[in-house]
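**Q** Residue numbers (our numbering): 418 to 661.
For every residue, glycine included, the Cβ atom is placed at its ideal position computed from N, Cα and C.
Take a look at this one; I'll ask things after.
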C-alpha cells in the first residue's frame, strides 16, 4: 500500500504504518513525502492508494474523499538566542514582504533578517499566506525550503533567521534540544494544547485522501489511523489526536 504527499503527515503515517504492518502479516505500507499537492495528484491518478494532505480540501478537490487523522498548527520559529520575544501579525508581514529587514528594527540585535519561506505546493505555505493575507509573489525570501525538518535546521543554524513550520515538528525538535523557539501568534502560545482547545489561530486538519470510497485494506488502514489504537503515536509526534 502506497501513501504519498504531505511531509508533515509522512513521519506520522510511517509510524502508524509500522503498527498496522505488525498486525497484518504480508502487508507493506510505503510512505513517500513530496508535499500535499503531490498527495492530491497521486491519489487522483491512482499512483498512490492514499494521498496525505495537511489542509482541508479545496472546492475543486471535492471529487476526493478526505479523512482527518489529527490536527496541527503552524507557527513562526526563531533561533533560541534571538532576544525578540514575540512579533505582531503586522511585523511578520513586514518581515516577509521586505519592509523590515534588520532585527534591530524590532528591538533585537543588529543583524540582517534571513527570511525562510516554503516551496510552492506546500500546504504550510498556503496556510501561512492565507492567514497573513499574503500572496507568495509578495514574499521576499532568502531561503526556500521543502519540509519542516529543513526549515528547523535552517533556523537552528542561523541566529538571524525566521521561518514557519508545523507546531508538532517544532515542539518535537525543541524538546530534543534543537536551538529554536516557537513564537506566539497573536498573543496565543504555539502549543499543541492550544491547537486542541481551538484557541491557536493557524491550525489545520491532517487528512488522508482517496480517489473513491475506501475499500478493503485502504479502508482498514484509514479506520486504524483514526482510531484510539494510534492516538499514542499521534501525541508522541506532538499532533493533536482527534480519535473519539
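Going by the beta-carbon positions, is the gap between residue 514 and residue 550 smaller than 8 Å?
**A** For residue 514 and residue 550, no; Cβs fall outside 8 Å.
**Q** By how many angstroms is the C-alpha of residue 560 removed from the C-alpha of residue 606?
**A** Those two C-alpha atoms are separated by around 26 Å.
**Q** For the beta strand (DSSP E) that contains residue 598, what are its first and last residues?
**A** Looking at the DSSP string, the run of the beta strand (DSSP E) that includes residue 598 is 597 to 599.
**Q** According to DSSP, is residue 464 part of a helix, a strand, or is it coil?
**A** Residue 464 falls in the coil class under three-state DSSP.
**Q** Is the CB-CB distance between residue 471 and residue 425 below 8 Å?
**A** Yes, these two residues count as a Cβ contact at 8 Å.
**Q** Under DSSP, the alpha helix (DSSP H) around residue 609 begins and ends at which residues?
**A** 609 to 613 is the extent of the alpha helix (DSSP H) around residue 609.
**Q** Quick check: what's the CA-CA separation for residue 510 versus residue 441?
**A** Between residue 510 and residue 441, the C-alpha separation is close to 49 Å.
**Q** Looking at the strands, I want to know which residues DSSP matches up with residue 603.
**A** In DSSP, residue 603 forms no bridge with anything.
**Q** Mind the definition here: the region 600 to 616 touches the region 530 to 544 only if three or more C-beta pairs lie below 8 Å; say whether that holds.
**A** Cβ pair count under 8 Å is below three, so no.
**Q** Straight-line CA distance for residue 488 to residue 432?
**A** Cα-Cα distance, rounded: 16 Å.
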